[in-house]
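Here's the structure we're looking at; comments come further down.
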Amino acid sequence: MSEQLPIRLTVNGAELSAEVEPRLLLSDFIRHRAGLTGTHVGCEHGVCGACTVLVDGEPQRSCLVFAVQADGAEVETVEGLAAPGAELHALQQAFHEEHGMQCGFCTSGFLMTSAALLREHPHPSDAQLLDAISGNLCRCTGYQNIIRAVRSAEAKLAAQAGDGTPAAAPAGDADGA
Amino acid sequence: MAREPLVGRSVPRVEDERLLRGNGRYVDDIAPAGCLEAAFLRSPHAHARIKAIDVSLARLMPGVHAIFTGADLHGQVEPMVFQIAKIVPPPVRESTGAWSRVHPMAALPTERATWVGQPLAVVIADDRYRAEDALELIELELEPLPAVVDPLDALAPGAPLLEPEWESNLALHYRFSNGDVDAVFDSAAVVVEEQFRSHRHIASPIETRGVVAQPDPYDGRLLVWSSTQTPHQLRDFLAGALRRSPETLHVRAPDVGGGFGPKGAIYPEELVISYVASALNTPVKWIEDRSEHFLATTHGREQVHTIALAADADGRFLALRDQITHNCGAFNILGLVVPYNSLTHLVGMYAIPAVDVEMRAVVTNTGVTAPYRGAGRPEAVFAMERIVDRVARRLGIDPGELRERNAIPPSALPYETGMIYRDGTRQVYDSGDYPELLRQARRLVSDEDWEARAGAGREVGIGYAAYVEGTGVGPFESASAQVIAGARVRVAVGSASQGQGHRTTLGQIAADALGVPLEAIEVVGGDTNAIATGFGTLASRSLVVGGNAVAKACAELRAQVVEAAAGLGFEVGADDPLPLGPMAALTPFNPGRPAGAPAVLRAQAEYYPGPVTYAAGVHAAVVAVDPRTGEVEILRYAIAHDCGRAVNPQIADGQVIGGTMQGIGGALFEELVYDDEGQLRTASFMDYLLPTASEMPEFRTAHVDVVSPLNPLGVKGLGEGGAIGPMAALANAVEGALAGHGVVVRSCPLTPDRVRALVRATEPPVPTAQETT
Amino acid sequence: MKPAQFAYHAPTRLEELLQLLADGAGEARVLAGGQSLVPMMNFRLATPETLVDLRRVQALRELSVRAADGALLVGAGVTQARLLREPAVQAGFPLLAAGVAHVGHPQIRSRGTVCGSLAHSDPTAELPALALAHDARMTIARAPRRREFPPGSTNRTQPWNSQSERRELAADDFLVSYYETAVEPGELLEQVAFPPLPDGAGWSFRELARRHGDFALAGAIAVVAPGRHARLVLFGVGDRARRIASVEELLLRAPAADAVPGDAAALLEQIRTQVPALVAAAVNPSGDVHASADYRRELAGTLAVTAIAEALERAR
Ligand SMILES: Cc1cc2nc3c(=O)[nH]c(=O)nc-3n(C[C@H](O)[C@H](O)[C@H](O)COP(=O)(O)OP(=O)(O)OC[C@H]3O[C@@H](n4cnc5c(N)ncnc54)[C@H](O)[C@@H]3O)c2cc1C
Ligand code: FES
Ligand code: FES
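Order-wise, the sequence lines are chains U, W and A. The opening position of the first sequence corresponds to residue 9 in my numbering, with each subsequent residue numbered one higher. The opening position of the second sequence corresponds to residue 5 in my numbering, with each subsequent residue numbered one higher. The opening position of the third sequence corresponds to residue 119 in my numbering, with each subsequent residue numbered one higher.
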């Protein structure tokens, strides 16, 4: 049996401690140890983006991070965008309205990538938007409606914030939509 | 007062919220207590004799519970015999002399491995990490044998044989001939002949395959979760292979992260995991990883066409000849399905008096091929639409104009092609307006100065692809509808969804047929216990066949409810909404149920479609090509299409755009490349490139929807259409752009290297460094 | 696709990190952003016995402009995303900013480090080429060879000797070949210094990738101060990024900005006609599933011409 290391991190605001093998991928930790299966795994080599989560506020591939590396970090997953039962986050609402999803497998990754984008750039240029979401693959939608959804969320968030203030609400914040 | 129908409206999808909150249930999210995980040892050789598989060391690793090889499965798991691949409907045989043969595929072979990635053994361990550790300790002794990769090579005398009992690698053959083709070719004003290759693709949904098999300790039944398009077929296949009765198997497809064809096939891993779970009497999970997916999930699209088209001086098509060679991969698992689609979709929307098409489908030491969105149609359309452009260029006629000249006019519909469709019926285009589709597509690309937009140094081309698509193929689909507690109706269908939004579209159909609001409908699918029979979601058939089955079941249920209501003293008029509220009392065990009222309100229906109904489309691509670098940019991609009655226009457009983007991926970026030894050189997303949002072009769409007369809903299938046109449209556009250089595009993807090579071949050689310095 | 087992260390002090690397006797590898290493481990193409993670070493997070010479100092812990966000980079190092923006996607750059990309030395990567174009200098550190303490010695207060050994190399000496640099097993690329481009120099960054964010099929960087300074760096067309001396010589003969206009036109014509052949003779690309060697060789010439023209334009 290999060595187990203790880690402590927060996931969607909740503190978690665990003992993990160093090789356990953060994606597997989130899905199978923390039980948050909204984060998906499509390639395990960093290309598809389905596993994208926010680590200390930045979008990252959870399949290219070992859980031990997230020791002390704040992780946000799709489950943190809107509290259970609360209204959807503006991005989630926009993906619904604009039909920015079909099978839904890529969707969590797109939501997390877009959440980070809109926090850093409340009004991204076309180039910024494309640069961000081109790091995620979707095989169903052809992307057109995903782009529309992100633009629509941008407007919703700006309206919520009263334009000019930081756009995206922090994760776990229930007043999403 | 009749309600506003839901069919035809873009109601938002009912399936979204769960998925958006991260509460979807995909197969890897299913985690029964004590579940073990599997990893497969796969053949590193394309063709090899298996001499020994020594698992003794691996078996000793901590955390490893069991290892099975083919020898362990012998006598326990029947080899897979793809019965469907042998089926040739008699009318098809009479018309084309078609035959198809299959050789059995052992779930884990004991004698020979015939493609790289074929599973040879399975490790069952505490988790996937440990299972993979153990794989490294298995000692595999293989004796490499000569391999054949290219479909034309496979037919050469002396080629290595995939099945030694066969005298050749030919697995399927047909020939269709109509009219005196030779005579027409001899006398026609123009004859153009070319060889075009449709290259190998993989559908590559973002969710790979996966299976969780879970024995029930109470009654010995086996629950099998699989990321499949065809749960009922899987159940019946498992029953045969594991020699169990179908009743002891419960197959469920949970949320499926994209299908596109490959998840409609049955795979050795599904048999092995089901067997292993019962043998060990414990739940076992296998989740395919992306490398395995490239190697072991079905591929598609590989065909070689040697095609010739004869026309008169005005460009009227007179005769068509095509010899097609189709690569089945290591096994012929689906027989006529894909190769025969290539015949019945080759001629498309044109009237051509004389046609001669021969198909030779061969087995090779490569991954198994099966339907991938379009299933034989994109391949045929690529060849046909390319040769049409070659003729246009030869005659100096605008390619759009040439197509209009040859399109079958609406007045000629219904139009008999003289061919027999795969279901054994005569092929008849039932409805549509092909010239109008062409006009609309041309209009969508005629409103800009493309040269100006392309800028200096780049050349502009416009390319078209026109196609028809037989949709809604049988044999049948089933549906049931039942009133359940809470004033709701549960509709169960045999066809599940992999993202097409069936819960919404079938819900719309059910709600209209019943006369209830959408919120009162609950659609369940993908579960062999929810409904006893079903065919599955493939081949652009769900809405046509499944949708009409739902409409039928719901109409019957409505009649039952109306009658029961009358018994309770309500009168419900023909156009009245259905009073479900009071009916909700009519559920079993409800103490409030009035005496004498029925305990169950439930209707079941099968819908057996007649001949297929024809959707159609014309794609028009505008490209800018840089002849110095070979870069291709799509300036606009326009789609005119006919999907009959659109049940939900937003979802319909989503299908069309999504399919088109997949086709664009195949035309410009994606290619599965095998080397001569049969090693796959593109087994990761770093080498097999799916298009991203940055590669998405500007889209324009136009609808020329003509309601189908062949089914009560008037719908046509549209799941595949988008993927049919892009390879041809983009190849035509690029060749058009480079017309001045005189290039001929014979295959895709149109990578910068490939495009540049076409141009370079026409340029004078570059001076070398010595000459200039 | 799951990695094999390994031992993991995440020390907080640089000396400790260096000692762990030295103790690893070549079986210990630096884990920086993991954006190249972890995919290889998931495919089990890399199976290191030990990973030494530098994420907790504060001293490696340095990102600043050195007062003495204006050079940008980038510590081993600095991610590509942080580099791009740094105002001093956007203002003073536009070539670096333009080039690093081509590295993958935000989700990669948020972890991938500048030094990790240099140490990884992928021949198609942007950063090694940017380092050459900037005349960057690399600092490589290693733990001192263990000293034998004489019996009874009192000098045992420091378990890790703070006098680590360091050497500094020019980018051209740092890059060796495919996935190979001057960093020896047990060593750390501690920092890279990017001097600013010479005053008045124009620059250009050109690459062609099959899709947005992909590793390039080939790329060219030109930096030209007419008559004074010339760099032409090509990447993706050989075992490592390289400067093309023959073209740089040609560019050094470029007329200054205030020269007669006819000279400039003549120079451009000379570049257009001569550079492709000079480049073709100087590079040695290999082919893969994305493009053939021939294509890459020709593309390098085409990109070089475009980059030089743009750099000259900006220099004026
Ligand atoms: C999908 C995807 C797309 C990408 N696209 C691009 C692209 O377009 N262009 C591009 O250039 N890169 C690209 N990358 C790679 C990315 O830039 C990596 O981040 C980078 O190559 C390595 O940096 P890292 O910090 O992640 O290093 P790691 O992955 O941690 O390490 C890489 C190697 O360098 C060694 N190493 C790391 N740091 C040091 C050090 N300080 N001293 C000594 N050795 C060290 C490690 O031991 C390892 O061998 C891509 C990666 C992915 C997953
Ligand atoms: S699973 Fe992490 S990027 Fe694909
Ligand atoms: S919605 Fe299916 S992959 Fe994006």
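Even glycine gets a Cβ: it sits at the ideal position worked out from N, Cα and C.
With a cut-off of 8 Å, does the C-beta of residue i fall near any C-beta of chain A?
i               : result
T532 of chain W : no
F673 of chain W : yes
V677 of chain W : yes
Q12 of chain U  : no
R147 of chain U : no
Would the beta-carbon of residue i be found less than 7 Å away from any heavy atom of ligand 2?
i               : result
R229 of chain A : no
R69 of chain U  : yes
C114 of chain U : no
With 8 Å as the threshold, decide whether the Cβ of residue i is near any Cβ in chain W.
i               : result
V355 of chain A : no
R209 of chain U : Missing from the structure shown is residue 209 of chain U; chain U here goes from 9 to 185 and no further.
A90 of chain U  : yes
M159 of chain A : no
T242 of chain A : no
Just checking residue i against ligand 1 - is the residue's beta carbon closer than 7 Å to any of the ligand's heavy atoms?
i               : result
E133 of chain A : no
L233 of chain A : For clarity, residue 233 of chain A is Cys in the given sequence; the question names Leu instead. Because some heavy atom of ligand 1 lies under 7 Å away, the Cβ of C233 of chain A counts as near it: yes.
F333 of chain A : yes
A359 of chain A : no
Given residue i, which residues of its chain have a CB within under 6 Å of its CB, disregarding the five upstream and five downstream residues?
i               : result
A158 of chain W : V152, N173, V366, T368
Q68 of chain U  : none
L16 of chain U  : Correcting the residue identity first, residue 16 of chain U is Arg in this sequence and not Leu. So the list reads S25, once near-sequence residues are dropped.
N410 of chain W : F321, Y354
I34 of chain W  : V216, W229
Cβ of residue i within 7 Å of any heavy atom in ligand 3?
i               : result
C59 of chain U  : no
G261 of chain W : yes
R147 of chain U : yes
C111 of chain U : yes
Is the Cβ of residue i closer than 8 Å to any Cβ of chain U?
i               : result
R229 of chain A : yes
D171 of chain A : yes
D20 of chain W  : yes
F44 of chain W  : no
L639 of chain W : no
E661 of chain W : First, the residue type needs correcting, since residue 661 of chain W is Ile and not Glu in the sequence shown. Chain U contact via Cβ: present.
H330 of chain A : yes
Run through the DSSP bridge pairs and tell me what residue i is partnered with.
i               : result
L734 of chain W : Partner(s): none; L734 of chain W has no beta bridge.
N182 of chain W : W:V359
V183 of chain A : A:L190
S482 of chain W : W:E610
N410 of chain W : For N410 of chain W, which the question treats as bridged, DSSP gives no partner whatsoever.
W84 of chain W  : Note that residue 84 of chain W corresponds to Met in the displayed sequence, not to Trp. Answer by DSSP bridge pairing, in chain order: W:M109.
Skipping 5 residues on each side, what residues in its chain have a beta carbon closer than 8 Å to that of residue i?
i               : result
V651 of chain W : V11, G12, T509, Q512, I513, L547, G551, L717, V719
Which same chain residues end up closer than 7 Å to residue i when comparing Cβ atoms and leaving out the 5 residues on each side of it in sequence?
i               : result
P713 of chain W : D434, S435
L398 of chain W : The residue asked about is misnamed: residue 398 of chain W is Arg in this sequence, not Leu. Same-chain partners within the cutoff: V194, V196.
V365 of chain A : L350, V393, L396, V397, A422
Using 8 Å as the Cβ pair cut-off and three pairs as the minimum, do the region 230–241 of chain W and the region 184–197 of chain W touch? no
Does the contact criterion of 3 or more C-beta pairs under 8 Å hold for the region 551–563 of chain W versus the region 479–493 of chain W? yes
Is it the case that the region 341–360 of chain W contacts the region 173–192 of chain W, given that we only count it when at least three CB pairs across the two stretches are under 8 Å? yes
Is it true that the region 204–222 of chain W meets the region 273–293 of chain W, where meeting means three or more beta-carbon pairs spaced less than 8 Å apart? yes
Report yes or no: do the region 275–282 of chain W and the region 76–95 of chain W share at least 3 C-beta pairs separated by less than 8 Å? yes
Answer yes if the region 691–709 of chain W comes into contact with the region 337–346 of chain A, meaning at least three C-beta pairs across the two stretches below 8 Å, and no otherwise. no
Under 8 Å, with one C-beta from each stretch per pair, do the region 674–682 of chain W and the region 736–743 of chain W reach the 3-pair mark? Touching, no.
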